[in-house]
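>
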């Protein structure tokens with residue numbers, strides 16, 4: 041801060057000079073003392089100068105007695121999972137009161153490397169939302185697949201002091217941490233040297249394994265599956281992120297374990313949020329509603345979404361309505377519905393009555409708009425010639441991304457080609473490497489997905505985001521892949537060599553450049569079409585289910601571009617099963 | 041941390057390798073969840089690797105079921121006020137469980153400038169106690185006196201990243217802050233640029249003045265005089281330091297205002313602690329006892345003295361017994377008496393059963409050992425020739441450092457010299473500049489101190505620490521001053537040109553180089569002698585009373601080397617009072 045600015049801030053605070061903006065007549069929610077006080081908020085150069093009673097401001101906004109909350113913070117999100125650009129995500133999230141997100145661009149960096157991070161940093165400058173990126177720590181995510189990039193500690197270090205960077209993203213490789221893998225440890229040491237926090241991801245770790253993970257300096261976890269796990273992590277000094285997004289929703293269950301002590305160490309996060317949820321239910325405001333519904337004191341809920349997150353990430357300039365902090369302020373009608381009527385970020389009114397007020401501009405995605413680098417694709421590459429009737433199949437289960445490692449008896453023709461029978465519900469699934477023209481293609485079988493005809497292909501496949509395609513006919517699947525390559529990624533649903541529906545995601549094959557409403561509508565049509573035209577089981581989310589079919593860190597059986605992977609035993613498996 | 045060290049830490053945590061040290065059989069106090077769990081603490085390279093059950097350690101310490109607490113943190117202290125060197129202070133404080141102090145070397149820097157800070161930093165390396173210095177922000181303290189040094193923002197900046205420095209010391213000049221004084225603002229901006237915290241000192245500030253002070257980015261206050269003030273500061277986002285030292289003890293009163301929310305924003309501090317208190321009552325362990333006596337939950341008390349302080353000062357490496365944090369650990373018999381039986385700092389056993397275990401070495405004070413730079417002193421310089429019988433006197437009051445601005449009728453001889461009458465109890469007081477041979481001497485009158493004969497002279501006089509002398513005879517006072525100069529500062533009590541008792545403080549005229557027990561005993565003899573031989577009122581602390589006679593920021597009337605200062609009206613006053 042320049043001296044003249046500090047001087048003015050002090051003068052405004054001490055009522056010696058009118059504020060730039062005076063938000064008058066608020067019920068100010070204090071997250072330090074949990075008191076609610078009627079008063080005004082005096083703002084100067086985007087910073088809160090003082091709270092109390094002030095005579096005047098150059099501009100005055102009458103809050104009409106509404107509650108003033110600190111700007112809400114999503115403590116962990118992958119923006120890419122909304123299929124929206126940061127600009128579009130901000131446009132929709134900000135009117136819901138979200139003013140800061142701690143975002144891990146894990147997906148795009150796994151596709152495009154640091155070019156992806158560069159793009160996300162540039163794009164974030166075009167939204168009022170303050171996006172603090174955590175540098176993805178697991179690129180590639182595993183050694184069992186081909187991602188688009190390899191990012192090591194020294195490349196990460198180059199971003200450590202970038203003003204848009206808040207730390208190191210979720211360390212998923214707990215095996216690497218515990219075994220002292222050099223590549224992993226270099227990243228942790230870099231973070232320690234640069235004094236930036238490291239986010240965790242520690243599903244089911246406990247006892248001395250959890251201790252080993254904590255000893256590495258990892259400080260957060262958003263993967264608590266039980267109150268016991270939550271307490272164990274809190275005991276160990278971790279901040280626990282209570283998650284309620286489009287994919288996973290442990291928040292209500294974990295709130296049972298929230299006491300006055302845990303209330304200071306828990307944060308709120310979405311992890312993933314799809315545009316339909318964002319547009320229908322809102323963002324962190326929705327989590328506040330869930331908290332209150334579950335009986336949490338509303339100011340405790342707000343505190344978790346503001347002060348706690350700010351403290352966890354060292355953002356001492358926000359998280360509360362107090363002097364010398366950024367004027368990130370949200371007005372809400374009440375403390376139960378949390379209907380947000382106005383949002384200021386850095387003192388600027390950026391949303392009112394659900395509308396985003398800033399002009400929307402679009403960052404040119406540049407090189408990340410062309411992420412389809414597939415070698416020599418032809419229908420022949422999908423050819424699967426089975427040498428046994430007894431095969432391993434990926435068993436799809438509703439409501440979970442965990443799959444089963446099943447065994448099925450199938451019919452095949454004289455060439456070994458699968459003969460599809462609707463009753464068996466065993467279909468074809470393939471993964472095609474798309475980043476470096478390696479030409480790798482892996483073919484396998486999937487059971488329980490329900491697809492009877494046509495094909496679905498997509499470029500969103502955690503975490504390497506190669507092309508994944510399902511169908512019952514190699515020809516149709518190849519057509520879908522070709523169409524997908526033509527549209528530079530996204531999702532296509534085809535039938536009889538015709539594209540029925542599609543959602544192009546030209547930015548890294550992960551994000552649309554369209555408005556959130558269009559993305560929502562097209563995705564909805566894609567999903568309905570998959571179910572209604574192709575026969576995908578109604579009980580499944582047709583797209584999310586496929587997005588996780590390639591993720592070799594989630595049990596039991598997955599398909600990467602290198603083949604069928606048995607996650608439980610950490611080894612590749614042939615499709616043909618041994619005879620009993 | 042080196043990679044091999046991190047690798048080992050993780051292996052020890054996950055029980056793949058024995059710890060360097062295993063503290064076995066503890067009741068581990070968890071300041072995050074407030075749970076107490078029986079278990080072991082595994083330590084590796086001075087860092088806590090894990091807590092739980094561990095099979096073995098290269099060394100094993102059996103805690104015998106005692107409570108293991110995180111090392112205690114004094115969040116605000118002036119070590120000089122103990123008259124002890126950092127080495128000696130550490131020797132006595134550490135066995136009481138204090139492992140970190142946030143120390144403001146305000147006194148020595150006002151005498152010796154940054155040379156004083158250099159000495160304190162060097163000396164702190166010779167104690168196990170981790171001393172984090174706050175760079176004094178007010179040197180000189182006021183413009184109404186001559187201190188030994190002037191330290192501006194740019195000199196302070198040179199220390200901002202020193203590993204022994206934690207931020208900027210208490211900003212006492214609230215008037216300068218609120219008026220936007222350039223010299224003051226430069227320091228605040230420097231702190232903001234260097235991202236280091238600024239401590240506060242805001243007695244009685246409220247309303248928009250408090251807002252102005254907070255807007256400047258100042259984050260702590262240890263001067264709360266009421267629960268109302270405490271709440272106002274907590275509301276504003278300040279950390280409140282609950283004080284219980286040798287001089288001021290608001291802790292029990294303020295604990296009435298401690299609720300579950302304030303419990304996260306309050307810290308414990310002593311501000312000043314004399315050796316007699318340190319040796320008799322202890323250090324922060326004593327504050328824990330006071331808290332528990334006042335009905336505070338013992339783990340909340342521990343949390344205030346550990347985690348809260350660590351969070352406030354950004355010391356993420358300590359404040360809790362948790363993996364990846366420094367092994368600063370204290371064993372206590374129980375959670376009521378907090379009798380400390382063992383202390384580890386950075387994994388090293390540094391105290392046991394009240395004994396400090398490390399060899400005691402002494403930092404050479406070098407240039408700060410010679411701080412007496414008095415020009416042309418002679419008895420004549422103390423000559424006071426009164427031109428009126430009606431005079432202003434400094435009225436001493438018991439139990440407070442606030443003085444009255446009194447008016448007295450005195451007797452004087454034909455030369456205008458005061459004729460002392462025991463019944464009036466008006467004595468002589470003088471301040472002699474001692475830093476830069478300026479030759480400045482100011483003479484005045486003091487009432488209610490009780491001195492009847494002899495003289496007391498000392499070099500500890502907040503905050504400029506010039507020589508202060510009281511007595512009833514100019515000759516005797518001059519003798520005392522000469523003796524004080526000869527002993528290079530400290531305290532002398534003389535009678536009939538004989539030194540009755542003395543406490544030499546050769547280090548900057550502020551600190552002894554003797555053990556704490558000797559300092560305590562000599563100070564005790566000085567005090568008794570002042571009362572018993574010289575007649576100083578029993579109700580007063582004879583030395584502390586004098587130490588604050590020169591401090592021109594405490595009302596109402598004080599004497600600096602420039603003259604009698606009316607603090608209330610911020611102006612110098614002649615001794616002669618106007619006739620009514």
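Protein chains in written order, with our numbering: chain A, 41 to 620; chain B, 41 to 620. Heads up, the beta-carbon is just placed ideally off N, CA and C, and yes, glycines get one too.
1) Would residue 500 of chain B pass as a contact of residue 587 of chain B if the rule is Cβ separation under 8 Å?
2) In three-state DSSP terms, what is residue 539 of chain B?
3) Which one of A:91, A:74, A:75, A:485 has the shortest CA to CA distance from residue 82 of chain A?
4) Please tell me whether residue 364 of chain A has its Cβ less than 8 Å away from any Cβ of chain B.
5) Report, in whole angstroms, the separation of the C-beta atoms of residue 306 of chain A and residue 344 of chain A, which I expect to be a contact under 8 Å.
6) For chain A, find out if any of its Cβ atoms is closer than 8 Å to the Cβ of residue 204 of chain B; answer yes or no.
7) Please identify the residue among B:247, B:368, B:476, B:511 whose C-alpha is closest to the C-alpha of residue 53 of chain A.
8) Looking at the C-beta of residue 225 of chain A, does it have a partner C-beta in chain B at a distance below 8 Å?
9) Output the distance between the C-alpha atoms of residue 75 of chain A and residue 608 of chain B, rounded to the nearest integer angstrom.
10) Here's the rule: buried if 16 or more other CB atoms are within 10 angstroms of the residue's CB, otherwise exposed. What is residue 548 of chain B?
11) Return the bridge partner residues of residue 481 of chain B from the DSSP annotation.
12) If you measure from the beta carbon of residue 275 of chain A to each beta carbon in chain B, is any gap under 8 Å?
13) Of all the residues that make up the region 148-163 of chain B, which are near chain A by a beta-carbon distance shorter than 9 Å?
14) For residue 423 of chain B, which of B:468, B:218, B:126 has the nearest alpha-carbon?
15) State yes or no: is the beta carbon of residue 247 of chain A nearer than 8 Å to at least one beta carbon in chain B?
16) If you draw a straight line from the C-alpha of residue 450 of chain A to the C-alpha of residue 410 of chain A, how long is it?
17) Between residue 328 of chain A and chain B, is there a C-beta pair that is closer than 8 Å?
18) When the cut-off is 8 Å and only beta carbons count, does residue 300 of chain B lie next to chain A?
19) Check whether the Cβ atoms of residue 474 of chain A and residue 507 of chain A lie closer than 8 Å to each other.
20) Who are the near neighbours of residue 77 of chain B in its chain, counting only those whose CB is closer than 8 Å to its CB and skipping five residues on each side?
21) In angstroms, rounded to a whole number, what distance separates the CA positions of residue 537 of chain A and residue 477 of chain A?
22) Are residue 10 of chain B and residue 161 of chain B touching if we call contact CB-CB under 8 Å?
23) Since I believe residue 96 of chain A is in contact with residue 58 of chain A (beta carbons under 8 Å), could you give me their beta-carbon distance rounded to a whole number of angstroms?
24) If you draw a straight line from the C-alpha of residue 624 of chain B to the C-alpha of residue 267 of chain A, how long is it?
25) Check for me: the alpha helix (DSSP H) holding residue 455 of chain B runs from which residue to which?
26) Quick check on residue 10 of chain A: does DSSP put it in helix, strand or coil?
27) Mapping DSSP to helix, strand and coil, what is residue 547 of chain B?
28) Check whether the Cβ of residue 251 of chain B lies closer than 8 Å to any Cβ atom in chain A.
29) Straight-line CA distance for residue 356 of chain A to residue 139 of chain A?
30) Residue 384 of chain A bridges to which residues according to DSSP?
31) Assign residue 98 of chain B to one of two classes, buried (16 or more other C-beta atoms within 10 Å of its C-beta) or exposed (fewer than that).
32) By the criterion of Cβ-Cβ separation under 8 Å, what are the contact partners of residue 43 of chain A in chain B?
33) Could you tell me which residues DSSP puts in a beta bridge with residue 706 of chain A?
34) Anything in chain B within Cβ reach of residue 74 of chain A, meaning under 8 Å, just list it in chain order.
35) Apart from the five residues on each side of it in sequence, which residues of its chain come closer than 8 Å, Cβ to Cβ, to residue 347 of chain A?
36) Just the C-alpha distance for residue 107 of chain A and residue 370 of chain A, rounded to the nearest angstrom, thanks.
With the given structure in hand:
1) Residue 500 of chain B sits at position 460 when you count from the first residue of the second chain. Residue 587 of chain B sits at position 547 when you count from the first residue of the second chain. Yes; because the gap between Cβ atoms is below 8 Å, this pair is in contact.
2) What you label residue 539 of chain B is simply residue 499 of the second chain in a count that begins at 1. Strand at residue 539 of chain B.
3) Reading the first chain from its first residue, position 42 is the one you call residue 82 of chain A. Per the Cα distances, A:91.
4) As a working mapping, residue 364 of chain A is identified with position 324 in the first chain. Yes, residue 364 of chain A counts as interfacial toward chain B.
5) As a position in the first chain, residue 306 of chain A is number 266, starting the count at 1. As a position in the first chain, residue 344 of chain A is number 304, starting the count at 1. Yes, they are in contact, since the Cβ atoms of residue 306 of chain A and residue 344 of chain A sit about 5 Å apart, within 8 Å.
6) Taking the first residue of the second chain as position 1, residue 204 of chain B is located at position 164. No - not a single Cβ of chain A is within 8 Å of the one on residue 204 of chain B.
7) Counted from its first residue, the first chain places residue 53 of chain A at position 13. Here the closest residue by C-alpha is B:247.
8) Position 185 of the first chain holds residue 225 of chain A. By this cut-off, residue 225 of chain A is an interface position.
9) Taking the first chain and counting its residues from 1, one reaches residue 75 of chain A at position 35. Taking the second chain and counting its residues from 1, one reaches residue 608 of chain B at position 568. Answer to the nearest angstrom: the Cα atoms are 35 Å apart.
10) Walking along the second chain from the start, residue 548 of chain B turns up at place 508. Under this definition residue 548 of chain B is a buried residue.
11) Your numbering for residue 481 of chain B matches position 441 in the second chain. Residue 481 of chain B pairs with B:472.
12) Position 235 of the first chain, counting from 1, holds the residue named residue 275 of chain A. Yes, because at least one Cβ of chain B sits closer than 8 Å to the Cβ of residue 275 of chain A.
13) none
14) If you number the second chain from 1, residue 423 of chain B lands on position 383. Cα-wise, what sits closest to residue 423 of chain B is B:468.
15) Indexing the first chain from 1 puts residue 247 of chain A at position 207. So, interface residue.
16) One-based indexing of the first chain puts residue 450 of chain A at position 410. One-based indexing of the first chain puts residue 410 of chain A at position 370. Each residue's alpha carbon lies about 39 Å from the other.
17) Along the first chain, read from residue 1 onward, the residue named residue 328 of chain A stands at position 288. With 8 Å as the cut-off, residue 328 of chain A does not count as an interface residue toward chain B.
18) Sequence index remark: in the second chain, residue 300 of chain B carries index 260 (1-based). Taking Cβ atoms only, chain A reaches closer than 8 Å to residue 300 of chain B, which makes this a yes.
19) For this step, residue 474 of chain A is matched to residue 434 along the first chain. For this step, residue 507 of chain A is matched to residue 467 along the first chain. Contact: yes.
20) For the purposes of this step, residue 77 of chain B is identified with residue 37 of the second chain, where counting begins at 1. If we look at residue 77 of chain B and ignore the five residues flanking it on each side, its Cβ neighbours are 67, 68, 70, 91.
21) By 1-based counting over the first chain, the position of residue 537 of chain A is 497. By 1-based counting over the first chain, the position of residue 477 of chain A is 437. Going by the C-alpha atoms only, they are around 25 Å apart.
22) Since the first residue of chain B shown is 41 and the last is 620, residue 10 of chain B is not available in this structure.
23) Numbered from its first residue, the first chain carries residue 58 of chain A at position 18. Numbered from its first residue, the first chain carries residue 96 of chain A at position 56. Rounded, the Cβ-Cβ distance is 4 Å, consistent with contact.
24) As displayed, chain B neither begins before 41 nor continues past 620, which places residue 624 of chain B out of reach and without an answer.
25) Within the second chain, residue 455 of chain B is the residue found at index 415, counting from 1. No alpha helix (DSSP H) holds residue 455 of chain B; DSSP gives it neither H nor E.
26) There is no way to answer for residue 10 of chain A, as the model of chain A reaches only from 41 to 620.
27) Here residue 547 of chain B is taken as the residue at index 507 of the second chain, counted from 1. Correct three-state label for residue 547 of chain B: strand.
28) Counting from one through the second chain, the residue named residue 251 of chain B turns up at place 211. Closer than 8 Å to some Cβ of chain A, the Cβ of residue 251 of chain B qualifies, so yes.
29) Within the first chain, residue 356 of chain A is the residue found at index 316, counting from 1. Within the first chain, residue 139 of chain A is the residue found at index 99, counting from 1. Answer to the nearest angstrom: the Cα atoms are 15 Å apart.
30) Start at 1 with the first residue of the first chain, and residue 384 of chain A comes out as number 344. A:369, A:389, per the DSSP bridge assignment.
31) Position 58 of the second chain, counted from the first residue, corresponds to residue 98 of chain B. It is exposed - the Cβ of residue 98 of chain B has fewer than 16 other Cβ atoms within 10 Å.
32) Translated into positions along the first chain, residue 43 of chain A becomes position 3. Within chain B, the residues near residue 43 of chain A are 222, 225, 226, 229.
33) Outside the shown range of chain A, which is 41 to 620, sits residue 706 of chain A, and nothing can be said about it.
34) For the purposes of this step, residue 74 of chain A is taken as the residue at position 34 of the first chain. Those within 8 Å of residue 74 of chain A in chain B are 301.
35) Position 307 of the first chain, counted from the start, is the residue given in the question as residue 347 of chain A. Counting only Cβ-Cβ distances below 8 Å, and skipping sequence neighbours, we find 71, 72, 110, 359, 360.
36) Start at 1 with the first residue of the first chain, and residue 107 of chain A comes out as number 67. Start at 1 with the first residue of the first chain, and residue 370 of chain A comes out as number 330. Between residue 107 of chain A and residue 370 of chain A, the C-alpha separation is close to 8 Å.
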